[in-house]
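Participant:
Protein chains: 2
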Amino acid sequence: MSFTISFVPEIRFGNDLHRSIGSAAAGLGGIKSAAIVMDGFLARSGLAETISASLAEYGIEARLFSDFTGEPKLAHVRAATDVVKGTDLVIGIGGGSALDIAKIAACCAASGEDAMHYALAANPLPKNPLKKIMVPTTAGTGSETSATNIFAGPEGKKLWIWGAETKADLVILDPVLTATLPANLTAWCGMDAFIHAFEAATNRNAHTGGKFYAHEALRLLTSSLETAVKEPDNLEARGKVLLGSCYAGIAIDNCGTAIAHNVSHAMAGLAPVHHGLATALGFEATIAWLIEADTADLNAAARACGVANAAAFPAFVTGLMDRTGITRALPSAFSAFDGQALAAEMKAPENQPMRRSTIRDVDDADIDHFAAILMSLPKAA
Amino acid sequence: MSFTISFVPEIRFGNDLHRSIGSAAAGLGGIKSAAIVMDGFLARSGLAETISASLAEYGIEARLFSDFTGEPKLAHVRAATDVVKGTDLVIGIGGGSALDIAKIAACCAASGEDAMHYALAANPLPKNPLKKIMVPTTAGTGSETSATNIFAGPEGKKLWIWGAETKADLVILDPVLTATLPANLTAWCGMDAFIHAFEAATNRNAHTGGKFYAHEALRLLTSSLETAVKEPDNLEARGKVLLGSCYAGIAIDNCGTAIAHNVSHAMAGLAPVHHGLATALGFEATIAWLIEADTADLNAAARACGVANAAAFPAFVTGLMDRTGITRALPSAFSAFDGQALAAEMKAPENQPMRRSTIRDVDDADIDHFAAILMSLPKAA
Chain Z
51 MSFTISFVPE
61 IRFGNDLHRS
71 IGSAAAGLGG
81 IKSAAIVMDG
91 FLARSGLAET
101 ISASLAEYGI
111 EARLFSDFTG
121 EPKLAHVRAA
131 TDVVKGTDLV
141 IGIGGGSALD
151 IAKIAACCAA
161 SGEDAMHYAL
171 AANPLPKNPL
181 KKIMVPTTAG
191 TGSETSATNI
201 FAGPEGKKLW
211 IWGAETKADL
221 VILDPVLTAT
231 LPANLTAWCG
241 MDAFIHAFEA
251 ATNRNAHTGG
261 KFYAHEALRL
271 LTSSLETAVK
281 EPDNLEARGK
291 VLLGSCYAGI
301 AIDNCGTAIA
311 HNVSHAMAGL
321 APVHHGLATA
331 LGFEATIAWL
341 IEADTADLNA
351 AARACGVANA
361 AAFPAFVTGL
371 MDRTGITRAL
381 PSAFSAFDGQ
391 ALAAEMKAPE
401 NQPMRRSTIR
411 DVDDADIDHF
421 AAILMSLPKA
431 A
Chain P
51 MSFTISFVPE
61 IRFGNDLHRS
71 IGSAAAGLGG
81 IKSAAIVMDG
91 FLARSGLAET
101 ISASLAEYGI
111 EARLFSDFTG
121 EPKLAHVRAA
131 TDVVKGTDLV
141 IGIGGGSALD
151 IAKIAACCAA
161 SGEDAMHYAL
171 AANPLPKNPL
181 KKIMVPTTAG
191 TGSETSATNI
201 FAGPEGKKLW
211 IWGAETKADL
221 VILDPVLTAT
231 LPANLTAWCG
241 MDAFIHAFEA
251 ATNRNAHTGG
261 KFYAHEALRL
271 LTSSLETAVK
281 EPDNLEARGK
291 VLLGSCYAGI
301 AIDNCGTAIA
311 HNVSHAMAGL
321 APVHHGLATA
331 LGFEATIAWL
341 IEADTADLNA
351 AARACGVANA
361 AAFPAFVTGL
371 MDRTGITRAL
381 PSAFSAFDGQ
391 ALAAEMKAPE
401 NQPMRRSTIR
411 DVDDADIDHF
421 AAILMSLPKA
431 A
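Protein sequence lines, in the order shown, are assigned to chains Z and P.
Just so we're aligned, residue 51 is where the first sequence starts under the working numbering, counting upward by one.
Just so we're aligned, residue 51 is where the second sequence starts under the working numbering, counting upward by one.
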């Protein structure tokens, strides 16, 4: 047995911690100015002013980049880098998009290179990026603890920049910031985190170090996700989902994902769909097939969810998705595509790592089968 | 609920990893020279040559500091700093002493300041210490993942240097390096790690983040320590003890220790005694009293060891110490002291943090009682 657990940044957890972010920033040492990266919606909520005021208390001048919504594009990353340049610290606040933009901009601003210079590992990242504080406001992507960052390239294709240099120096988990997340997003993001943990704990790259984090994430999410969806102001449940998502991020940072993420990335290649929803639908469509492998890891992951064994796990997943109110339907834009179209995306080169890491061999007939199941789902009106 | 989990360095685990330390060092980037810190006994085993050869493969020039044995003294730290100066990387290999010397020297060599400048937090540590790789060869202190470093000051008094700047950049856990540890040291060091985990999970500073690591350490150590003592070449058991010790180090880095460590530090103030043995004896003498608090944390820690509840835990501890062959006896030098002498050390200012963190209030009568129990133990001939 051999394995590596990549470094885990300092993690601070607590209600309303975002109000004292100035103290956290000052604690990093030598910080005179900071760039806040958050989407326009969050910025308009007053959060940007709260953060800036906290920074000002410690004499830290703040700039704001908020000129983006939705999935990050190269243009966003470039514009963010321009704002970040000349500061000492990047504070990413939001969902995975804001965090990924912030993490990439912290590298590009330090080196003066364009994001495309680093895309798909074309060149090594700078050894001394700007300091980074990451503050997730959704609980799902785990971007706050991962080294993977996604954005759409000049032709709209999803690209990634990967490397420890993009990782946060400090993660702030503030359950209060997640309390306004609507029920459907809470469920979708939470299922994304749940599936991160399950896939990291059971795929071909699973190892002792990663499973340690993944199983704790499964325990935390299983015990809290339904409550967080049904009682949005329940900060204890919100906190468990947030911490579970963070640990799941550590798990995928070490062991990666598998077939459900092949499905969701393939779906995103066809039409816009929320990543958490797509992943949950992909997981439900493949889990009965997956657990036939009946490995020790699959059984251990099921038990971490309080389920007796792997065989009983698919019914548990369906129950969890029911209890968290996830409608099994695709956005209307998917009406334009059929199973063959999704299967082609699932077989595309960029989605093969997630196929190959799956604990069962995924042959083309399996993919055709899964794609047919998914594309037969109802489409939203 | 609020808590902070301090950063966890990258951890690589695997048999014979020490033979490829050159690759690990080169991976840190910009490393041209390295100083190896290991005690004279280890250095004479041929390990220094193996490490140097591996570094040479990557063009990294190696120096060796091995002029110490036993507990680190200021003179050792100063001599190590002189050797380390001018290199890019410090590699500490050995027990807690070697690791603590290496970690302090990496800071002093970077700043040019003497260790006394930093002792007892007199001054802030340098923000850019040398890079550090820590390779434990005993499985107990957890120094590879902690920010605490102990050495004896000019008057022989134990001093500490604490700070994230002293923490490793990379931890290498190689079970092979622990296979030659004699049975008594395996048991003593293993109990030290076990008690780190138990005290971190149950004291007044215990929190969700720390307990996560502590409980895993308890599971790993409970399942493997006896086997590691009885089957020295069982690398699976050795590996579990080593990983458990590492996680226990993370737990105390976050939550600290309690009464058993008050006892063992107090004992060290009287006469030389192995830290693991002293801690184990202190733990057994206090655990029946401690578990009367019957807190949720005490019960959870017991369950992590496979014990039904806290009430059943003292018998489990005694059984574990029996099965790992720990003789309940003190070194002969302790014949010169009585219970009052130990009680006075236990009440000394430098040992009060461990007293105060204990989940039960420790009054003076409790201390007198524990000290009497300990000093009534047989003394080695």
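No residue lacks a Cβ here, since even glycine has one placed at the ideal position from N, Cα and C.
Bear in mind the structure is a predicted one, so any value in this text is a computation, not a measurement.
Measure from the C-beta of residue 177(P) to each C-beta in chain Z and report whether the shortest distance is under 8 Å.
Facilitator: Chain Z, which has a Cβ nearer than 8 Å to the Cβ of residue 177(P), makes this yes.
Participant: Which residue from 74(P), 348(P), 208(P) puts its Cα closest to that of residue 245(P)?
Facilitator: The shortest C-alpha separation from residue 245(P) is found at 348(P).
Participant: Return the chain-ordered list of same chain residues with a C-beta closer than 8 Å to the C-beta of residue 110(Z), the five sequence neighbours on each side being excluded.
Facilitator: Answer for residue 110(Z): 72, 75, 76, 81, 82, 83, 84, 139, listed in chain order.
Participant: According to DSSP, is residue 112(P) helix, strand or coil?
Facilitator: In the structure shown, residue 112(P) sits in a strand (DSSP, three-state: E or B).
Participant: Spatial neighbours of residue 144(P) within its chain, please: C-beta separation below 7 Å, excluding the five flanking residues on both sides.
Facilitator: Correct list, in chain order: 88, 89, 92, 187.
Participant: Under DSSP, the alpha helix (DSSP H) around residue 71(Z) begins and ends at which residues?
Facilitator: Here the alpha helix (DSSP H) through residue 71(Z) covers 71-77.
Participant: Just mark residue 178(Z) as buried or exposed, buried being the case when its beta carbon has 16 or more other beta carbons within 10 Å.
Facilitator: Looking at its Cβ environment, which holds fewer than 16 other Cβ atoms inside 10 Å, residue 178(Z) is exposed.
Participant: Does DSSP put residue 291(Z) in a helix, in a strand, or in coil?
Facilitator: If DSSP states are grouped into helix, strand and coil, residue 291(Z) belongs with the helices.
Participant: Using Cβ-Cβ distances below 9 Å, what residues of the region 106-131 of chain Z are close to chain P?
Facilitator: Per Cβ criterion, the list is empty.
Participant: Taking the alpha carbon of residue 429(P) as the reference point, which residue from 419(P), 382(P), 387(P) has its own alpha carbon closest?
Facilitator: Residue 429(P) has its Cα closest to that of 382(P), out of 419(P), 382(P), 387(P).
Participant: In this structure, does DSSP put residue 364(P) in helix, strand or coil?
Facilitator: Of the three classes helix, strand and coil, the one that applies to residue 364(P) here is helix, per DSSP.
Participant: Thinking just about the alpha-carbon of each residue, which of 371(Z), 350(Z), 308(Z), 343(Z) is nearest to the one in residue 402(Z)?
Facilitator: The option with the nearest alpha carbon to residue 402(Z) is 308(Z).
Participant: Taking contact to mean at least 3 C-beta pairs separated by less than 8 Å, is the region 157-177 of chain Z in contact with the region 210-221 of chain Z?
Facilitator: Yes, the region 157-177 of chain Z is in contact with the region 210-221 of chain Z.
Participant: Which residue wins for smallest C-alpha separation from residue 272(P), given the options 352(P), 299(P), 317(P)?
Facilitator: When only C-alpha atoms are compared, the closest one is 352(P).
Participant: Could you confirm whether any beta carbon from chain Z is found closer than 8 Å to the beta carbon of residue 62(P)?
Facilitator: Yes, residue 62(P) counts as interfacial toward chain Z.
Participant: Here's the rule: buried if 16 or more other CB atoms are within 10 angstroms of the residue's CB, otherwise exposed. What is residue 51(P)?
Facilitator: Exposed, because fewer than 16 other Cβ atoms sit within 10 Å of the Cβ of residue 51(P).
Participant: If distances are taken between C-alpha atoms only, which option among 288(P), 297(P), 329(P), 199(P) comes closest to residue 233(P)?
Facilitator: Of the listed residues, the one whose Cα sits closest to residue 233(P) is 288(P).
Participant: Using a Cβ-Cβ cutoff of less than 7 Å, which residues in the same chain neighbour residue 356(Z) once the five nearest sequence positions on both sides are dropped?
Facilitator: Closer than 7 Å at Cβ, skipping near neighbours: 272.
Participant: Closest to residue 336(P) by CA distance: which of 363(P), 359(P), 318(P), 180(P) is it?
Facilitator: Ranking the options by Cα distance to residue 336(P), first place goes to 363(P).
Participant: Measuring straight from C-alpha to C-alpha, what distance separates residue 422(P) and residue 167(P)?
Facilitator: So the two alpha carbons sit approximately 38 Å from each other.
Participant: Should residue 216(P) be flagged as near chain Z, meaning a C-beta pair shorter than 8 Å?
Facilitator: Chain Z contact via Cβ: absent.
Participant: In the DSSP assignment, what residue or residues form a beta bridge with residue 54(Z)?
Facilitator: DSSP output for residue 54(Z) lists 62(P) as bridge partner(s).
Participant: Just mark residue 207(P) as buried or exposed, buried being the case when its beta carbon has 16 or more other beta carbons within 10 Å.
Facilitator: Exposed is the call here.
Participant: Over the uninterrupted alpha helix (DSSP H) stretch that includes residue 83(P), give me the two end residues.
Facilitator: Premise fails: residue 83(P) lies in the beta strand (DSSP E), 83-87, not in any alpha helix (DSSP H).
Participant: Would you check if the distance between the CB atom of residue 54(P) and the CB atom of residue 61(Z) is smaller than 8 Å?
Facilitator: Yes, these two residues count as a Cβ contact at 8 Å.
Participant: Check this for me: beta carbons of residue 340(P) and residue 380(P), under 8 Å apart or not?
Facilitator: Not a contact, by the Cβ cut-off of 8 Å.
Participant: Within the same chain, show all residues whose beta-carbon is closer than 7 Å to that of residue 263(Z), passing over the 5 residues directly before and after it, in chain order.
Facilitator: Within the same chain, residue 263(Z) has close Cβ partners 297, 300, 301.
Participant: Given residue 123(P), which residues of its chain have a CB within under 7 Å of its CB, disregarding the five upstream and five downstream residues?
Facilitator: Correct list, in chain order: 201, 202.
Participant: Assign residue 262(P) to one of three DSSP states: helix, strand, or coil.
Facilitator: Three-state result, residue 262(P): helix.
Participant: List the residues that DSSP assigns as beta-bridge partners of residue 304(P).
Facilitator: DSSP, once it has assigned bridges, lists no residue as partnering residue 304(P).
Participant: Less than 8 Å between the CB atoms is what I'm expecting for residue 205(Z) and residue 320(Z), so what's the real figure, rounded?
Facilitator: Residue 205(Z) to residue 320(Z), Cβ: 16 Å. No contact.
Participant: Given this structure, state the Cα-to-Cα distance separating residue 268(P) from residue 142(P), to the nearest angstrom.
Facilitator: Distance between the alpha carbons of residue 268(P) and residue 142(P): 26 Å.
Participant: For the region 346-429 of chain P, list the alpha helix (DSSP H) runs that are entirely contained and at least 4 residues long, ordered along the chain.
Facilitator: The region 346-429 of chain P contains these whole alpha helix (DSSP H) runs: 346-354, 363-373, 389-396, 402-407, 414-425.
Participant: In three-state DSSP terms, what is residue 198(Z)?
Facilitator: Strand.
Participant: When the Cα of residue 372(Z) is compared with those of 195(Z), 217(Z), 255(Z), 275(Z), which residue comes out closest?
Facilitator: Comparing Cα-Cα distances from residue 372(Z) to each of 195(Z), 217(Z), 255(Z), 275(Z), the minimum goes to 275(Z).
Participant: Tell me whether residue 153(Z) sits in a helix, a strand or coil according to DSSP, three-state version.
Facilitator: Helix at residue 153(Z).
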